[in-house]
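Participant: Numbering (this note's numbering), first residue to last: 1 to 279.
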Amino acid sequence: MINLVSIELYKIRKKPRSFIGFGAIAVIVLLIEVALYIDGQSYLQFVIQQVEQSFQIDGKIINGNLVTYVLLQTLIVQMPLLVALVTGDLISGEAASGSIRLLVTKPVSRANIVLSKFAAGSVYTLLLIVWLGILSLGLGLLIFGLGDLLVLNSDHIAILRSSETMWRFMMAFVIAFISLSVVSSLSLMLSCFTDNSIGPIIITMSIIILFTIIGTMEIPIFDVVRPFLFTTHMIVWRSLFENPVPLQELWISTGVMMSHILVFLSVAVFYFKNKDILS
1 MINLVSIELY KIRKKPRSFI GFGAIAVIVL LIEVALYIDG QSYLQFVIQQ
51 VEQSFQIDGK IINGNLVTYV LLQTLIVQMP LLVALVTGDL ISGEAASGSI
101 RLLVTKPVSR ANIVLSKFAA GSVYTLLLIV WLGILSLGLG LLIFGLGDLL
151 VLNSDHIAIL RSSETMWRFM MAFVIAFISL SVVSSLSLML SCFTDNSIGP
201 IIITMSIIIL FTIIGTMEIP IFDVVRPFLF TTHMIVWRSL FENPVPLQEL
251 WISTGVMMSH ILVFLSVAVF YFKNKDILS
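1) Can you tell me the Cα-Cα spacing of Pro80 and Arg110, whole angstroms?
2) I'd like to check one pair, Val83 with Val183: are the Cβ atoms closer than 8 Å?
3) Out of Met217, Glu33, Ile7, Gly23, which has the shortest C-alpha to C-alpha gap to Ile143?
4) Could you round the C-beta distance between Gln41 and Ile62 to whole angstroms and report it? I think they count as a contact, below 8 Å.
5) In chain order, what residues of the same chain have a beta carbon less than 7 Å from the beta carbon of Phe177, not counting five sequence neighbours either side?
6) Is it true that the CB of Pro200 sits closer than 8 Å to the CB of Leu190?
7) Provide the residue span of the alpha helix (DSSP H) that contains Leu180, from first to last.
8) Could you tell me the boundaries of the alpha helix (DSSP H) in which Ala157 lies?
9) On the DSSP letters alone, give me the boundaries of the beta strand (DSSP E) that Val151 sits inside.
10) Please determine, among Leu240, Thr254, Leu4, Thr68, the residue with the shortest C-alpha to C-alpha distance to Leu139.
11) Please list, in chain order, all residues of the same chain as Lys273 whose beta carbon is under 7 Å from its beta carbon, the five residues on each side excluded.
12) With the cut-off set at 8 Å, would you say Ser136 and Leu72 are in Cβ contact?
13) I believe Ile175 touches Thr74 by the beta-carbon criterion, under 8 Å. Please report the beta-carbon distance rounded to the nearest angstrom.
14) Answer yes if the segment 222-232 comes into contact with the segment 159-173, meaning at least three C-beta pairs across the two stretches below 8 Å, and no otherwise.
15) Between the Cα of Val86 and the Cα atoms of Glu8, Met257, Val29, Val267, which residue gives the shortest distance?
16) State the DSSP-derived secondary structure class of Gln41, mapped to helix, strand or coil.
17) With a CB to CB cut of under 6 Å and the five nearest residues on each side skipped, what residues in its chain are close to Ile203?
18) So, with DSSP's three-state summary, where would you put Asp195?
19) Considering Cα atoms alone, identify which of Phe241, Ser116, Ser18 is closest to Asp148.
20) Which residues bound the alpha helix (DSSP H) around Pro80?
21) If you draw a straight line from the alpha carbon of Val70 to that of Arg168, how long is it in whole angstroms?
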């Protein structure tokens with residue numbers, strides 16, 4: 001199994017599209033950090049102008065913690081596309097080239113083939129998260145320094161001491177990895193159903209957009225299905241920056257996302273094991 005995963009990682013590394021995600025994250029993070037460094041005070045005044053009508057905020061508000069939080073808010077929404085761009089091609093791409101037929105003739109079970117591809121996709125996803133963490137948190141603290149984190153929500157404001165932020169960010173990255181693993185397993189499952197490498201990527205993003213719309217529209221009929229949509233739980237990392245942290249909500253959301261991963265992988269394995277590969 002380890003050899004299979006190593007081979008799949010080698011295949012991912014050889015594809016130019018695999019580096020698009022790292023490049024996109026670097027460009028976006030650096031642009032936002034430079035913009036905040038040059039004109040962050042104007043941005044902050046725009047964000048907290050309603051709050052300042054009630055009370056005055058003093059101190060170093062623009063710091064590495066706030067910059068990291070802003071970057072997470074911005075990039076976590078975009079990263080599913082970067083993940084699907086690679087994982088949606090893991091099976092369908094080889095089916096299109098014909099190499100998948102050669103692979104299934106090897107003395108390896110089809111279930112292990114699917115699982116090894118998911119494992120390789122998970123490693124790629126983890127590397128994206130680590131890269132985001134280095135550029136946002138690491139570089140943010142280096143440029144802007146450490147300070148208390150000001151978190152503005154729709155109904156309240158929270159100020160977290162700098163000593164309480166590091167473990168929250170670490171857990172936020174862990175939950176982000178789980179949520180992106182849902183996207184990885186979904187795109188991999190869809191990749192089993194087609195020989196077109198672009199189709200799974202487009203369908204994955206279409207599903208995410210559709211579920212997001214359903215989750216945000218305040219229509220009573222959507223209230224029934226909203227708790228079962230994985231997109232509803234992908235933003236649960238924000239709860240880590242509440243005080244106190246709603247642990248029950250975190251556990252439920254994590255459980256729902258893990259259940260989706262299990263279902264998507266089970267369907268992928270079942271279909272691929274019974275699929276007639278003719279090309």
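Note that beta-carbon positions come from the ideal geometry of N, C-alpha and C, so glycine has one too.
The structure presented is a predicted model; accordingly, all values stated were derived computationally and were not measured.
Facilitator: This is what the structure gives:
1) 26 Å
2) yes
3) Glu33
4) Confirmed, Cβ separation roughly 7 Å.
5) Thr125, Leu126, Ile129
6) yes
7) 165-192
8) Reading off the sequence, residue 157 comes out as Ile, not Ala. Careful: Ile157 lies outside any alpha helix (DSSP H), inside the beta strand (DSSP E) at 157-160.
9) 149-152
10) Thr68
11) Arg110, Ala111
12) yes
13) Separation of the CB atoms of Ile175 and Thr74 is rounded to 17 Å, and the pair is thereby denied contact status at 8 Å.
14) no
15) When each option's Cα is compared against that of Val86, the closest is Glu8.
16) helix
17) Leu190
18) Here Asp195 sits in coil by DSSP.
19) Phe241
20) 79-87
21) 14 Å
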